[in-house]
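Numbering (my numbering), first residue to last: 2 to 240. We put the beta carbon where it would ideally sit given N, CA and C, even for glycine. Below is one structure; the comments refer to it alone.
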Ligand code: SAH
């Protein structure tokens, strides 16, 4: 049987393991979903696959889950990062949620010259990534990094990782461009696009793979989803 409620936990999972759920999870199960002990749950922690569990003692203040048997082995997404310049709150939330669903391994908000927001709520974005993984049946939650200046990201770029740059200046370029295999990263700019200085640095960057996302200028959230889908289809785990 497939448990309808999937929860991410930090603890190791294994047969017979008792897992203390968080207060938020207890509140969700007991007060929101009105579940009692014996309710089947699916738990995952990003390392041990998915485990079928059962809700044990449960009150609004705390709940325990009893781990029974593994229901899916651990799956990791391809080694693809998403780098994006945060935009308005709801659209930034959307980007993180969709990146987790589409199988990004790591999400890095980057500060560019025209980035609209100076700060992000990293914990809130991480919670969105976790919720998306719970909802989409994944066993992996991508880490959301702290907001990092683009220059610093480029200065510390890991050897061998391709940087797929969604370049709005290529919008009219029709031919589909070949995409590099993993390890790779996708870079999406803010509403204002990239500055002249950023464009010059990116163009000269050794790992760079500029791509077009078609003849229309997309909003950053649309561009992120389109680029992730393109790469997953060409080089990722959609094959
Ligand atoms: N204000 C900019 C557009 C920014 S769109 C301008 O008018 O030129 C936000 C980001 O989405 C861009 O920085 C780019 O990374 C991506 N993007 C949007 N449409 C694109 C396209 N057709 N091709 C490639 N990248 C695109």
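Hey, is residue 214 close to the ligand SAH, as in C-beta under 6 angstroms from one of its heavy atoms?
The residue given as residue 214 occupies position 213 in the chain shown. True, at least one ligand heavy atom lies under 6 angstroms from that Cβ.
Sort 75, 97 and 116 by Cα distance to residue 109 and report the nearest one.
Locating residue 109 in the chain shown gives position 108, counting from the first residue. Cα-wise, what sits closest to residue 109 is 97.
Starting from the C-beta of residue 229, find all residues in its chain whose C-beta is less than 6 angstroms away, skip the five residues before and the five after it, and write them out in chain order.
The residue labelled residue 229 in the question sits at position 228 within the chain shown. Only 103 meet the Cβ criterion.
Of all the options 115, 201, 17 and 184, which has the alpha carbon lying nearest to the alpha carbon of residue 160?
If you number the chain shown from 1, residue 160 lands on position 159. For the residues 115, 201, 17 and 184, the minimum Cα distance to residue 160 belongs to 184.
Looking at the secondary structure, which residues open and close the beta strand (DSSP E) in which residue 82 lies?
Taking the first residue of the chain shown as position 1, residue 82 is located at position 81. 81-85 is the extent of the beta strand (DSSP E) around residue 82.
Check this for me: beta carbons of residue 212 and residue 172, under 7 angstroms apart or not?
The residue given as residue 212 occupies position 211 in the chain shown. The residue given as residue 172 occupies position 171 in the chain shown. Not in contact: residue 212 and residue 172 (Cβ atoms no closer than 7 angstroms).
Since residue 146 and residue 189 should fall inside the 8 angstroms C-beta cutoff, what is the C-beta to C-beta distance between them, to a whole number of angstroms?
Numbered from 1 along the chain shown, position 145 holds the residue referred to as residue 146. Numbered from 1 along the chain shown, position 188 holds the residue referred to as residue 189. In fact, because the Cβ distance is near 15 angstroms, the residues do not count as touching under 8 angstroms.
Report yes if the C-beta distance between residue 20 and residue 86 is below 7 angstroms; otherwise report no.
The residue labelled residue 20 in the question sits at position 19 within the chain shown. The residue labelled residue 86 in the question sits at position 85 within the chain shown. No, Cβ-Cβ distance for residue 20 and residue 86 is not below 7 angstroms.
Could you spell out the range, first to last residue, of the alpha helix (DSSP H) harbouring residue 95?
As a position in the chain shown, residue 95 is number 94, starting the count at 1. First-last of the alpha helix (DSSP H) with residue 95: 90-102.
Taking 6 angstroms as the limit between beta carbons, can you name the residues of its chain near residue 127, skipping five residues before and five after?
Position 126 of the chain shown holds residue 127. The residues are 145.
Measure the alpha-carbon distance for residue 28 versus residue 60 and round it to whole angstroms.
The count along the chain shown starts at 1 and reaches residue 28 at position 27. The count along the chain shown starts at 1 and reaches residue 60 at position 59. Computed Cα separation, rounded: 8 angstroms.
Can you find the residues in the same chain that come closer than 6 angstroms, C-beta to C-beta, to residue 231, ignoring five residues on each side of it along the sequence?
By one-based count along the chain shown, residue 231 stands at place 230. The answer is none, since no qualifying residue turns up.
Distance between residue 7 and residue 30 (C-alpha atoms, nearest Å)
Numbered from its first residue, the chain shown carries residue 30 at position 29. Numbered from its first residue, the chain shown carries residue 7 at position 6. Their Cα atoms are separated by approximately 11 angstroms.
Give the single residue among 69, 115, 165 and 73 whose Cα lies nearest to the Cα of residue 243.
This structure does not reach residue 243, given that the chain is present from 2 up to 240, and the question cannot be answered.
Cβ-heavy atom distance between residue 218 and the ligand SAH below 6 angstroms?
Here the question's residue 218 lines up with position 217 in the chain shown. Yes; taking the cut-off as 6 angstroms, the Cβ of residue 218 has a heavy atom of the ligand SAH nearer than that.
Residue 13 classed as buried or exposed, judged by whether at least 16 other C-beta atoms fall within 10 angstroms:
Here residue 13 corresponds to residue number 12 of the chain shown, with the count starting at 1. Residue 13 should be labelled exposed.
Could you check if residue 157 is buried or exposed, using at least 16 other CB atoms within 10 Å of its CB as the buried criterion?
Counted from its first residue, the chain shown places residue 157 at position 156. Answer is exposed; the Cβ neighbour count stays below 16.
When the Cα of residue 219 is compared with those of 142, 191, 44 and 209, which residue comes out closest?
Residue numbering aside, residue 219 sits at position 218 when the chain shown is read from its first letter. Considering only alpha carbons, the answer is 191.
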